[in-house]
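When the sequence shown is numbered by this note's numbering, its final residue is 368 and no position is left out of the sequence of numbers. C-beta atoms are modelled at their ideal positions from N, C-alpha and C, and glycine is treated no differently. Only a predicted model underlies this, so the values are computations on that prediction, with no experimental measurement involved. Please read the structure below before turning to the comments.
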Amino acid sequence: METQTNTQTLSEIIGMNAREIRLSTGASLERLSFAARAHGLNWSTGRVGDLESGRVQATLPTLFALAASLSQLAGRSITFKELLRPDDWRGSVEINEKFVVAQDDFVAILGTGSIRADRDEKIETAEQHMAHATVTDLVRAHGWPNKADALRDLNLPDEEKLVEVLVAVEKAALADRRAAKALGVSLPELMIASLRRWGKPLSDRREELAGTDATNQHRGQITRDLYAALRVELGQAD
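Next comes the structure, spelled out in structure tokens:
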């Protein structure tokens, strides 16, 4: 029986790993966009989101600047290997429509370099940013001009709930993003429904139910059950 492999584009791999590194530092999309601009990338928070979703072309200059930006936020050198680490080592990297390279070969060729993390007083560490950030900073990072607009659009009762939802959005896993797309709602709307239903994101609830030894079939059934529960919360149930 032939083993199925996973093929990812270079942009998808870099985006996936950049998001993981950013979240590990506690930095917001806004902080990475600021660091990226300091390293010559004219990126808004939306552009950072595009990068993390695999929609930004993976050029060598972009890779250098991105590694430097993430190194700045992390306070350590980010290696190319960290940015090029595949999701499935049995899979392959799609360089273009006609050229595919095995994941381990690809990383062996390009993954040995690193970018030194120079300190820049103009760029805060994640800890400094969390200490200085305001609710206004948070809502602006997610596209609203002010807190009042965010509360109105999301139909939330107060600032505390707004912060809870937006922080959850910032830390959203791939499972949460896929659920939002599948259910036809925004990621904040999905998080509101998840927090209301379980007090936690769908991704956390799924891992809680699945445990460490769930089969793919069992995990799939859990996901379908959770989607059904969220449809009720979202008013989509038949």
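One or two residues paired with residue i in a DSSP bridge
i      : result
PHE229 : ASN226
THR139 : GLU224
Alpha-carbon to alpha-carbon, residue j and residue i
i      : j      : result
SER141 : GLY184 : 5 Å
ASP306 : THR137 : 22 Å
ARG335 : ILE352 : 10 Å
GLY145 : LEU181 : 5 Å
GLU337 : PRO216 : 22 Å
VAL362 : SER324 : 11 Å
ALA358 : ALA312 : 11 Å
LYS330 : SER158 : 19 Å
GLY179 : ALA197 : 16 Å
LEU171 : ASP355 : 42 Å
ARG249 : PHE194 : Bear in mind that a pLDDT of 49 at ARG249, under 50, signals an unreliable position, so the number given afterwards is only what the model happens to contain. The alpha-carbon atoms of ARG249 and PHE194 are separated by roughly 17 Å.
LEU268 : HIS169 : 23 Å
GLN366 : TRP328 : 18 Å
VAL230 : ARG308 : 26 Å
GLN347 : LEU339 : 13 Å
ASN276 : THR266 : 6 Å
GLU294 : ILE143 : 29 Å
GLN187 : THR139 : 10 Å
LEU153 : GLU227 : 31 Å
GLU257 : ASP288 : Its pLDDT being 47, under 50, GLU257 is placed unreliably in this model, and the coordinates cannot settle the point.
LEU360 : THR192 : 38 Å
HIS262 : THR155 : At HIS262 the pLDDT is 48, less than 50, meaning the model places this residue with poor confidence and gives no usable figure here.
Selection from the options that minimises the alpha carbon distance to residue i
i      : options                        : result
GLU160 : TRP274, PHE229, PHE210         : TRP274
ARG270 : LEU213, ARG327, GLY176, VAL231 : GLY176
GLU209 : GLN347, VAL230, ALA148         : Reading off the sequence, residue 209 comes out as Thr, not Glu. The shortest C-alpha separation from THR209 is found at ALA148.
ARG151 : LEU213, ASN276, THR264, LEU193 : According to the sequence shown, residue 151 is Ile rather than Arg. Per the Cα distances, LEU213.
Query raised in the report: Looking at C-beta atoms only, is the number of pairs between the stretch 289 to 301 and the stretch 339 to 347 that lie closer than 8 Å three or more?
Result: Fewer than three beta-carbon pairs drawn from the stretch 289 to 301 and the stretch 339 to 347 are found closer than 8 Å, and the two stretches are therefore not classed as touching.
**Report entry** 4 or more residues per run - each alpha helix (DSSP H) lying fully within the stretch 262 to 302
**Finding:** Complete alpha helix (DSSP H) runs here, min 4: 265 to 271, 277 to 284, 289 to 300.
Requested in this report: Would you check if there are 3 or more beta carbon pairs closer than 8 Å linking the stretch 164 to 174 to the stretch 196 to 206?
Outcome: The answer is yes - the stretch 196 to 206 touches the stretch 164 to 174, with three or more Cβ pairs under 8 Å.
Query raised in the report: Can you list the alpha helix (DSSP H) stretches of 4 or more residues lying completely in the stretch 139 to 193, in chain order?
Result: As far as the stretch 139 to 193 is concerned, its whole alpha helix (DSSP H) runs of at least 4 residues are 140 to 155, 159 to 168, 175 to 182.
Query raised in the report: So does the stretch 312 to 322 actually touch the stretch 276 to 289, counting three or more Cβ pairs closer than 8 Å?
Result: The stretch 312 to 322 vs the stretch 276 to 289: in contact.
Query - Whole runs of the alpha helix (DSSP H) within the stretch 309 to 360, excluding any shorter than 4 residues - result: Within the stretch 309 to 360, the runs of alpha helix (DSSP H) that reach at least 4 residues and sit entirely inside it are, in chain order, 317 to 328, 332 to 340.
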